[in-house]
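Okay, structure first, notes after.
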Amino acid sequence: MKVKSVFILLAGVCIFSIGSGSALFAADYDNEVQAKKISFAWKVDGDTLAVKMSAQTKGWVGIGFNPSKKMKDADFVLGYVKDGKAKIIDEFGSGMTKHTSDKKLDGTVDATLVAGSEKDGVTTIEFTMPLKSADKHDTVFDIDGDTVVLLAYGPDRDSFKTKHKYRTTVKVNLATGASE
Ligand code: HEM
156 MKVKSVFILL
166 AGVCIFSIGS
176 GSALFAADYD
186 NEVQAKKISF
196 AWKVDGDTLA
206 VKMSAQTKGW
216 VGIGFNPSKK
226 MKDADFVLGY
236 VKDGKAKIID
246 EFGSGMTKHT
256 SDKKLDGTVD
266 ATLVAGSEKD
276 GVTTIEFTMP
286 LKSADKHDTV
296 FDIDGDTVVL
306 LAYGPDRDSF
316 KTKHKYRTTV
326 KVNLATGASE
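Here my numbering = 1-based position in the sequence shown + 155.
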């Protein structure tokens with residue numbers, strides 16, 4: 156009887172894991188902001204920020220933190236899913252309306268892909284990044300203060316070179332989840 160209960164429990168956990176289709180469960184994100192057709196969910200986990208971004212596109216979905224003006228100096232991470240495989244890039248706002256890879260600027264890749272999916276025209280990318288990396292191109296997060304968040308997604312093409320189809324800016328407090 157006892158063995159049977161354990162089996163049922165394990166089977167239940169397996170079915171739940173497969174059904175969720177993602178490495179981190181929704182419940183793993185403490186906060187979320189929704190803007191038109193894009194959402195940003197996050198969790199501060201020790202010295203790491205775990206991010207889930209999702210948008211109505213078959214192309215890229217992207218996030219940028221703390222620009223000085225427009226897109227300039229923001230710490231960007233963009234991702235897309237091509238042939239079922241997710242790819243992310245770690246970028247820096249090298250101009251008011253452009254971004255360049257941290258690596259190309261002699262920096263380092265500090266964003267780590269967790270999971271990605273493209274389903275019914277919606278792309279979802281999950282990744283983690285340090286709150287304070289050693290790369291000078293990355294933002295140093297102050298989780299108790301304001302964090303300016305740029306959210307954008309591209310057209311239905313798996314290319315990071317395309318401009319956004321939609322973009323917006325929100326201000327959040329990463330610790331409390333307050334947003335404006
Ligand atoms: C190749 C990629 C990109 C190109 C060519 C591009 C280009 C531009 C251009 C020309 C503008 C000014 C005109 C306009 O508002 O449309 C702009 C503004 C903006 N972009 Fe991008 N962008 C790119 C990627 C991104 C990404 C990845 C994000 C965010 C994750 C983003 C967020 C924004 C925001 C929030 C603004 C408005 C800034 C403001 O007026 O304060 N962009 N971009």
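Note that CB positions come from ideal geometry on N, CA and C, so glycine has one too.
*asked:* Alpha carbons only, please: which of G276, A229 and K237 is nearest the one belonging to H254?
replied: A229
*With 16 as the cutoff for other CB atoms within 10 Å, does K326 come out buried or exposed?*
exposed
*asked:* Measuring only the C-alpha atoms, how far is K320 from G239?
replied: Approximately 22 Å between the Cα atoms of the pair.
*Check whether the stretch 287 to 298 touches the stretch 183 to 195, counting contact only when three or more Cβ pairs, one atom from each stretch, lie closer than 8 Å.*
no
*asked:* Can you tell me whether D183 is helix, strand or coil according to DSSP?
replied: Residue state, collapsed to three classes: helix.
_Measuring only from the beta carbon, is H292 closer than 7 Å to any heavy atom that is part of ligand 1?_
no
*asked:* Whole angstroms are fine: how far does the CA of V206 sit from the CA of P310?
replied: 21 Å
*Is the beta carbon of L329 less than 8 Å from the beta carbon of I218?*
Their beta carbons are not under 8 Å apart, which means L329 does not touch I218 by this criterion.
*Does the beta-carbon distance from G271 to G234 come in below 8 Å?*
yes
*Quick one: grab the DSSP three-state call for S281.*
Residue identity check: residue 281 is Glu in the sequence provided, not Ser. Looking at E281 - three-state DSSP - the assignment turns out to be strand.
*What does A270 pair with, by DSSP beta-bridge criteria?*
E281
*With respect to 7 Å, is the separation between the Cβ of R322 and the closest non-hydrogen atom of ligand 1 below this value?*
yes
*Report all residues from its chain with a CB closer than 8 Å to the CB of D301; omit the five preceding and five following residues, and keep chain order.*
K326, V327 and N328
*asked:* If distances are taken between C-alpha atoms only, which option among K287, Y184, D185 and T212 comes closest to S314?
replied: T212
_Per DSSP, cross-strand counterpart(s) of R322_ = A307
*Starting from W197, follow the beta strand (DSSP E) in both directions and report where the run begins and ends.*
I193 to D200
_Can you check which of these residues, D202, S209, D245 and V236, is closest to T279 by C-alpha distance?_
S209
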